[in-house]
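Residue numbers (the numbering used here), protein chains in the order written: chain H, 1 to 249; chain E, 1 to 213.
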């Protein structure tokens with residue numbers, strides 16, 4: 001039985017790889033001990049904005065309809081969320097959608113959106129999977145949308161690996177881009193060194209495999225790591241309590 | 001010396017699990033991690049493995065009980081790096097794939113004892129002699145024997161056992177040994193991208209009834 005099968009893990013994704021390097025303890029908590037954590041309001045904001053933007057650039061719907069679609073989606077996703085940031089995030093959605101549409105409408109209608117990709121890594125027992133946001137086949141552009149309250153001046157390493165995976169699966173010749181959207185500003189950047197970033201992701205995935213192979217016992221894996229309870233990974237009260245229950249920290 | 005080593009008179013491991021040759025006993029062990037401890041399994045009698053001589057490394061090794069082994073290695077064929085300390089001795093490191101009977105996985109084998117290096121050196125000579133006739137393949141190696149070699153005299157007299165390896169066949173590179181192409185050396189982390197991307201230029205539509213006449 002593979003290291004992943006022991007823990008019921010059928011695939012890895014950029015986000016699970018990023019979780020492992022960002023907080024091995026949270027990785028163990030979620031993937032091995034199966035204590036799933038609630039998705040924060042910020043992540044739901046991102047999903048909601050994407051839905052509104054997709055409507056706008058795929059159908060040409062006017063901005064107000066796109067905003068309403070995003071707000072409805074956010075309300076649906078956060079209906080049972082106790083995240084205190086919910087109200088603030090909800091209030092910023094209209095601005096996010098407006099800014100994003102201004103950035104992306106010039107690209108025209110995408111040939112595909114929310115496309116599932118699967119990428120196999122030699123020696124890795126499970127595939128890497130992911131979902132890219134938009135592709136314009138005619139222009140050879142694949143683009144991921146990221147909403148944030150502070151506009152970065154360059155692509156983050158985690159985002160670089162994520163989009164590198166998409167183009168590795170879809171075609172290396174694609175111009176990979178990331179559009180960062182804030183409520184007021186936006187910037188799209190070209191991804192550089194795609195092959196290097198996919199290689200990094202492969203190494204992380206193989207590291208996870210090796211880590212899981214150490215033991216069939218999730219508590220033994222937990223004993224090899226320790227949570228930083230001040231990190232945002234453990235900001236949720238339930239996550240904080242889980243850290244105390246398992247690690248006594 | 002096919003490997004260009006000055007053979008003097010240690011063993012160890014790093015990221016991959018290891019196979020360890022004990023020159024004093026003339027035995028070869030697969031070392032498994034069990035419950036946080038290293039457990040040696042003697043595979044001397046049926047040792048068989050594919051040796052990745054295409055990626056053998058030579059250089060300086062330090063094996064001190066109670067500490068992690070230290071390797072300062074270069075690919076075979078490149079000049080040796082400066083010796084890091086008097087505790088470092090010349091050694092080799094390579095990856096082998098054990099036969100299914102011996103465990104079936106990829107392992108690292110490394111060593112610095114004169115007896116071990118002599119055995120590896122002889123094996124490398126045999127590899128060099130056979131590789132052109134077996135292009136793209138790697139040797140399947142068995143441990144045919146171990147031969148006692150005495151060194152020193154008086155109270156410093158000791159006996160080590162040199163492994164006598166034999167190539168019994170050649171096979172295509174097993175997938176889990178990785179590529180024969182070394183990864184390019186990266187001097188710095190790869191940049192991610194900070195160049196702004198403009199929207200694509202809108203292509204002018206071609207009218208259906210355009211007149212080419």
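Each residue gets a CB set at the ideal place from its N, CA and C atoms; glycine is no exception.
Please read these numbers as outputs of a predicted model, since none were measured by experiment.
Burial state of residue i (16 or more Cβ within 10 Å)
i, result
"residue 255 of chain E", "Look at the range of chain E in this structure, 1 to 213, and you will see that residue 255 of chain E is not part of it."
"residue 214 of chain H", "exposed"
"residue 168 of chain H", "buried"
"residue 115 of chain E", "buried"
"residue 192 of chain E", "buried"
"residue 114 of chain H", "exposed"
"residue 160 of chain E", "buried"
"residue 119 of chain E", "buried"
"residue 3 of chain H", "buried"
"residue 144 of chain H", "buried"
"residue 59 of chain H", "exposed"
"residue 100 of chain E", "exposed"
"residue 52 of chain E", "buried"
"residue 232 of chain H", "exposed"
"residue 87 of chain H", "exposed"
"residue 96 of chain H", "buried"
"residue 152 of chain E", "exposed"
"residue 82 of chain E", "exposed"
"residue 8 of chain E", "Confidence at residue 8 of chain E is low in this model, with a pLDDT of 40, below 50, so its placement is unreliable and the value that follows should be read with caution. It counts as exposed."
"residue 1 of chain H", "exposed"
"residue 46 of chain H", "buried"
"residue 5 of chain H", "exposed"
"residue 238 of chain H", "exposed"
"residue 107 of chain H", "buried"
"residue 196 of chain E", "exposed"
"residue 80 of chain H", "exposed"
is_contact[residue i, chain H] using C-beta, thresh 9 Å
i, result
"residue 81 of chain E", "no"
"residue 194 of chain E", "yes"
"residue 85 of chain E", "no"
"residue 33 of chain E", "yes"
"residue 197 of chain E", "yes"
"residue 190 of chain E", "yes"
"residue 20 of chain E", "no"
"residue 13 of chain E", "Unreliable positioning characterises residue 13 of chain E in this predicted model, as indicated by a pLDDT of 38, which lies under 50. A coordinate reading is not provided."
"residue 52 of chain E", "no"
"residue 175 of chain E", "yes"
C-beta neighbour in chain E for residue i, strict 9 Å
i, result
"residue 187 of chain H", "yes"
"residue 175 of chain H", "yes"
"residue 193 of chain H", "yes"
"residue 123 of chain H", "yes"
"residue 159 of chain H", "yes"
"residue 172 of chain H", "no"
"residue 133 of chain H", "no"
Residue i versus residue j: straight-line alpha-carbon distance, rounded
i, j, result
"residue 9 of chain H", "residue 31 of chain H", "7 Å"
"residue 43 of chain E", "residue 84 of chain E", "33 Å"
"residue 138 of chain H", "residue 127 of chain E", "52 Å"
"residue 234 of chain H", "residue 186 of chain H", "30 Å"
"residue 35 of chain E", "residue 124 of chain H", "24 Å"
"residue 59 of chain E", "residue 171 of chain H", "40 Å"
"residue 44 of chain H", "residue 78 of chain H", "7 Å"
"residue 242 of chain H", "residue 221 of chain H", "15 Å"
"residue 94 of chain H", "residue 70 of chain H", "8 Å"
"residue 188 of chain H", "residue 96 of chain E", "46 Å"
"residue 112 of chain E", "residue 151 of chain H", "54 Å"
"residue 48 of chain H", "residue 56 of chain E", "53 Å"
"residue 189 of chain E", "residue 126 of chain H", "26 Å"
"residue 245 of chain H", "residue 224 of chain H", "16 Å"
"residue 13 of chain H", "residue 216 of chain H", "22 Å"
"residue 156 of chain E", "residue 148 of chain E", "16 Å"
Coarse secondary structure for residue i, derived from DSSP in three states
i, result
"residue 142 of chain E", "strand"
"residue 134 of chain H", "strand"
"residue 20 of chain E", "strand"
"residue 196 of chain H", "helix"
"residue 197 of chain E", "coil"
"residue 190 of chain H", "strand"
"residue 115 of chain H", "strand"
"residue 173 of chain H", "coil"
"residue 67 of chain H", "helix"
"residue 282 of chain H", "Lying outside 1 to 249, the shown extent of chain H, residue 282 of chain H is not represented and no answer is given."
"residue 160 of chain E", "strand"
"residue 55 of chain H", "helix"
"residue 189 of chain E", "coil"
Open item on the list: Contact between the segment 23–30 of chain H and the segment 132–150 of chain H is defined here as three or more beta-carbon pairs at a separation below 8 Å; is this criterion met?
Closed with: no
Open item on the list: Three Cβ pairs or more, each shorter than 8 Å: is that satisfied between the segment 67–78 of chain E and the segment 129–148 of chain E?
Closed with: no
Open item on the list: If contact is defined by three or more beta carbon pairs under 8 Å, each pair taking one atom from either stretch, is the segment 1–21 of chain H in contact with the segment 197–215 of chain H?
Closed with: Touching, yes.
Open item on the list: Quick check: the segment 150–161 of chain H against the segment 103–123 of chain H, are at least 3 beta-carbon pairs closer than 8 Å?
Closed with: no
Open item on the list: Within 8 Å, do at least three Cβ pairs link the segment 106–114 of chain E to the segment 135–146 of chain E?
Closed with: no
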